[in-house]
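Reading through the structure tokens given below for one structure.
In my numbering, the protein residues as written are -18 to 191.
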């Protein structure tokens, strides 16, 4: 699922680039976005291989604006015309010690889950905020929510309520966050919907390090 989502985004950009009515500038822009998704995917695969070999926390800080830009690029073609993704742009100066591509893939996983669970009319919002030495990345939606009896299980490997689902997407997200010294929380988003919060240790942005 971590690989399939950015791959699907790249394929949608390429399909749109083939439309005969497009002018050259728009076509070039779509091809650039597809290339960005594929390069992120290449780095994600390398990161997952490293993670499988026991790699954990990244030594280099990753600026959150770079992460949110990557999510916006990859998620745009996944939204139907009646769905909306809102991304809080106030993450300037915030950084985490997690690989950019891995965190983009984790957030993209949560966004796609929210879009699929909510359906037409979905409003999915990503926010980033600092709380002391922790950064909270929250993905919320206006969907039907997750029944309390299932909330404790959705992070279990291979647990899924979706036909054809692998049950690994959220488990991989939790593994990534835990390896970075963070935690994942899933609760109700009032007045309706689901809220997933990734809590990660805050680190100094690249330019602020000695």
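Glycine included, each C-beta is placed from N, C-alpha and C at the ideal position.
query: Does the distance from the C-beta atom of residue 175 to that of residue 124 stay below 8 Å?; result: yes
query: Give the DSSP bridge partners of residue 68, in chain order.; result: 107
query: For a quick check, are the C-beta atoms of residue -13 and residue 89 less than 8 Å apart?; result: yes
query: Return the CA-CA distance between residue 74 and residue 48, expressed in angstroms with no decimal places.; result: 13 Å
query: Mapping the DSSP letters down to three states, classify residue 81 as helix, strand or coil.; result: helix
query: Between the C-alpha atoms of residue 181 and residue 114, what's the straight-line distance to the nearest angstrom?; result: 9 Å
query: Quick one: what's got a C-beta closer than 6 Å to residue 63's C-beta in the same chain, skipping five residues either side?; result: 101 and 102
query: Taking the beta carbon of residue 145 as the centre, do at least 16 other beta carbons fall within 10 Å, making it buried, or is it exposed?; result: In this predicted model, residue 145 has a pLDDT of only 43, less than 50, meaning its place in the structure is not dependable; the value taken from the coordinates is given anyway. So residue 145 counts as exposed.
query: Quick check: the Cα distance between residue 7 and residue 61, rounded to an integer number of angstroms?; result: 20 Å
query: Would a C-beta distance cut-off of 8 Å place residue 109 and residue 96 closer than the cut-off?; result: no
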